[in-house]
Each structure stands twice: as structure tokens, then as C-alpha cells.
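Trainee: For the protein sequence lines, the chains are B and E, in the order given.
Once you know that position 9 of the first sequence is 9 in the numbering used here, the rest is easy, because the numbers rise by one and skip nothing.
Once you know that position 36 of the second sequence is 36 in the numbering used here, the rest is easy, because the numbers rise by one and skip nothing.
Glycine included, every Cβ here is placed at the ideal spot set by N, Cα and C.
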Amino acid sequence: EVQLVESGGGLVQPGGSLRLSCAASGFTFSSYEMNWVRQAPGKGLEWVSYISSSGSTIYYADSVKGRFTISRDNAKNSLYLQMNSLRAEDTAVYYCARLYYGSGSYYFDYWGQGTLVTVSS
Amino acid sequence: DIQMTQSPSSLSASVGDRVTITCRASQSISSYLNWYQQKPGKAPKLLIYAASSLQSGVPSRFSGSGSGTDFTLTISSLQPEDFATYYCQQSYSTRNTFGQGTKLEIK
Chain B
1 EVQLVESGGG LVQPGGSLRL SCAASGFTFS SYEMNWVRQA PGKGLEWVSY
51 ISSSGSTIYY ADSVKGRFTI SRDNAKNSLY LQMNSLRAED TAVYYCARLY
101 YGSGSYYFDY WGQGTLVTVS S
Chain E
1 DIQMTQSPSS LSASVGDRVT ITCRASQSIS SYLNWYQQKP GKAPKLLIYA
51 ASSLQSGVPS RFSGSGSGTD FTLTISSLQP EDFATYYCQQ SYSTRNTFGQ
101 GTKLEIK
């Protein structure tokens with residue numbers, strides 16, 4: 001069974017840092033591209049970052065570029081999101097999601113349960 | 001970035017109704033369009049991928065259509081468990097973007 005389990009969320013002051021983790025199991029993690037998606041309270045889904053299966057290709061949303069760093073450790077079946085210079089508007093539930101390629105298209109077929117990040121003084 | 005616009009933002013309907021949600025992309029995305037369902041406090045769930053392909057385990061009352069810039073999600077006969085928020089997503093670009101969501105409520 002495919003499982004994605006996020007951890008590392010919590011309360012942090014503006015300007016602070018936090019590192020999120022996503023532990024993957026039930027599939028060959030090193031073969032899949034991964035993403036982070038967030039959802040502010042009462043708001044819609046916002047894509048945050050993408051990383052290729054090897055980690056060699058990375059993309060960020062403009063809203064987090066220069067502050068967040070995505071990485072992965074294929075030996076540990078884990079995905080990470082290092083978040084620095086946090087702002088109130090980064091408050092959200094953060095999901096990790098597996099990117100799947102099928103029928104000539106790409107989609108997020110599995111999602112974690114999410115971890116809440118609250119940025120407040 | 002490609003912008004995705006859903007309509008309506010909210011919708012009231014009754015059990016048994018046929019419901020259609022639309023999604024428009026700011027540029028052509030071929031069939032790189034996915035639909036997700038999200039219930040309160042839960043992660044999104046994939047319903048439709050590649051504009052019209054039904055994800056395994058999803059009831060056949062859900063269907064998708066469209067290509068290029070205009071897409072629709074149709075629920076043929078609403079069931080109580082279908083009341084949720086629905087999001088479209090373009091995967092034409094690696095910098096995926098989502099629509100703002102459509103909240104489907106019970107009338």
C-alpha cells in the first residue's frame with residue numbers, strides 16, 4: 001500500500017525556519033517525481049515545489065522561491081521541504097504528493113495527510 | 001504561469017441532480033487536466049486524469065471532458081458523499097496550477 005506521511009509542522013515565528021519531511025512507503029520512491037502542495041486555512045490548493053526522481057531538477061512557485069528548498073533522500077525514502085524566512089502568508093497545511101505519468105498525462109495520484117504550519121508571533 | 005479558472009465557485013444541488021463544473025485554462029493545455037475532490041480535513045483525492053480518464057475506484061457517475069482550454073467535470077446523479085470541494089489542475093507545465101475550487105453544497 002502506498003503511503004506518504006508528512007511531519008515537522010508546527011508553530012513558528014515570522015522570519016523563522018522549519019523543515020518538513022515526507023516519509024514514503026509501499027512503492028519505489030526513487031522512481032517517482034514528487035511535489036509539495038499547500039492549502040491556507042479556508043483557501044484553495046497551491047502548488048509549492050517539484051523535484052525530479054533523481055533530485056537533479058527542481059522548480060518552485062514564485063511565492064516561495066529563494067526561501068524554500070526541496071530535497072530528497074532516495075536511500076531513506078524521504079522528501080523534504082526546508083522553509084526559511086517564513087511569513088504569515090505561509091501558514092497552511094502542507095501536503096506531499098506523488099507525481100504519476102499515465103495515459104499520456106501527469107497527475108498526483110497519492111497524497112499525504114498533510115502537516116500544519118502556523119507562522120505567528 | 002498558466003492560470004486556471006473554475007466556475008461556479010459554489011453550487012447548491014440536491015441528491016440525484018446532474019451537476020457540471022467548468023474549468024478554463026489561460027492557454028492551451030491539450031488534455032493535461034486533472035480533477036480532484038476534497039472533503040473537509042482530508043487530502044485531495046484524484047477523480048479524473050488526462051481530462052476524461054476515470055481513476056481506478058472512482059464511481060462511473062463522475063466524468064470529464066474537454067481539451068485545449070475548456071474542460072468540464074460532470075456528476076450524473078449526485079450522491080450524499082459527493083458534497084465536497086472540487087479542484088481542476090493543469091499538468092501541462094511542471095509548474096502545476098490549480099483552479100480556485102468549486103464548493104458543492106446540499107440544497
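(1) When you compare only the Cα positions, how much space is there between S67 (chain E) and S28 (chain E)?
(2) For the beta strand (DSSP E) containing I21 (chain E), name the first residue and the last one.
(3) For R18 (chain E), count the other beta carbons within 10 Å of its own beta carbon; 16 or more makes it buried, fewer makes it exposed. Which is it?
(4) Determine the DSSP secondary structure at E105 (chain E), reduced to helix, strand or coil.
(5) At which residue ranges does the region 33 to 98 of chain E contain complete beta strand (DSSP E) runs of 3 or more residues, listed in the order of the chain?
(6) Under 7 Å between beta-carbons, which chain E residues line up against S105 (chain B)? List them in chain order, please.
(7) Can you tell me whether I106 (chain E) is buried or exposed? The criterion is at least 16 other CB atoms within 10 Å of its CB, across all chains shown.
(8) Name the two residues that bound the continuous beta strand (DSSP E) containing R98 (chain B).
(9) Runs of 3 residues minimum, wholly inside the region 41 to 97 of chain B: which ones carry the beta strand (DSSP E) assignment?
(10) Nearest by alpha-carbon distance to I21 (chain E): which of E:T5, E:P80, E:S30 is it?
(11) Report the rounded CA-to-CA distance for L46 (chain E) versus S25 (chain B), giving the unit in angstroms.
(12) Please say whether W111 (chain B) and S92 (chain B) have beta carbons closer to each other than 8 Å?
Mentor: The structure says:
(1) Roughly 8 Å between the two C-alpha positions.
(2) I21 (chain E) -> beta strand (DSSP E) spans 19 to 25.
(3) Residue burial is scored here from C-beta neighbours: R18 (chain E) has fewer than 16 other C-beta atoms within 10 angstroms and is therefore classed as exposed.
(4) E105 (chain E) carries a strand assignment under DSSP once its states are collapsed to helix, strand and coil.
(5) Within the region 33 to 98 of chain E, the runs of beta strand (DSSP E) that reach at least 3 residues and sit entirely inside it are, in chain order, 33 to 38, 45 to 49, 62 to 67, 70 to 75, 85 to 90.
(6) Simply S31, Y32, Y49, A50, S91.
(7) So I106 (chain E) counts as exposed.
(8) Counting along the chain, the beta strand (DSSP E) containing R98 (chain B) begins and ends at 92 to 102.
(9) As far as the region 41 to 97 of chain B is concerned, its whole beta strand (DSSP E) runs of at least 3 residues are 45 to 51, 58 to 60, 68 to 73, 78 to 83.
(10) Just measuring C-alpha positions, the residue of E:T5, E:P80, E:S30 sitting nearest I21 (chain E) is E:T5.
(11) Separation of L46 (chain E) and S25 (chain B) (C-alpha to C-alpha, rounded to the nearest whole angstrom) is 19 Å.
(12) In the sequence under discussion, the amino acid at residue 92 (chain B) is Ala, which differs from the Ser named in the question. Annotated as distal: A92 (chain B) and W111 (chain B), with beta-carbon spacing of 8 Å or more.
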